[in-house]
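Structure, as structure tokens:
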Amino acid sequence: MEVLELFGTAEHKEKYLTPLLEGTMASAFAMTEPAVASSDATNVELSMVRDGDEYVLNGRKWFASNALHRNCRVLIVMGKTDPSAAPHRQQSMMVVPIDAPGVTVMRGLPVFGYQDREGHAEIDFA
7 MEVLELFGTA EHKEKYLTPL LEGTMASAFA MTEPAVASSD ATNVELSMVR
57 DGDEYVLNGR KWFASNALHR NCRVLIVMGK TDPSAAPHRQ QSMMVVPIDA
107 PGVTVMRGLP VFGYQDREGH AEIDFA
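7 is the number of the first residue of the sequence shown in my numbering; add one for each residue after it.
Here's what the structure looks like:
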């Protein structure tokens, strides 16, 4: 929510921040990826490529916290927007509606053998 408060547009705040603060909407954070040690953000591989007025995201995330919550409507997604920049300047975070075209919640993931019904998910962006 802090990202939306500090950097969100008026539209983002109305559409996402207000319902999040009211408790009528949930959000999820998607950073980690299955093929890399993505606890180090410089290893994140999901691409975010500008196409006109939109961005096309391509890659997979997993252990996206809270993505299976019944009220989850928005993802904060970390990806690579500038692969030619210095390693710590290649990444960006974007607000992505969970029902956006190309976003598919693949499956829930257990943590320490425990399957939380509103827990972590694998998400495909194509």
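Here a beta-carbon is modelled for each residue, glycine too, at the ideal position from N, C-alpha and C. No experiment lies behind these values; they were computed from the predicted model shown.
Taking the CB atoms as reference points, tell me whether Arg66 and Asp105 lie closer together than 8 angstroms.
Cβ distance not < 8 angstroms, so Arg66 and Asp105 don't count as in contact.
I'd like to check one pair, Gly114 with Leu74: are the Cβ atoms closer than 8 angstroms?
A contact, by the Cβ cut-off of 8 angstroms.
Among the residues of its own chain, which have a CB less than 7 angstroms from the CB of Ser98, if the five just before and after it don't count?
Excluding sequence neighbours, Ser98 sits near Met54, Gly85, Thr87.
Determine, using beta carbons only, whether Trp68 and Thr38 come nearer to each other than 8 angstroms.
Closer than 8 angstroms, so yes.
Taking 7 angstroms as the limit between beta carbons, can you name the residues of its chain near His18, skipping five residues before and five after?
For His18, where only same-chain residues beyond five positions count, the Cβ hits under 7 angstroms are Leu10, Val101.
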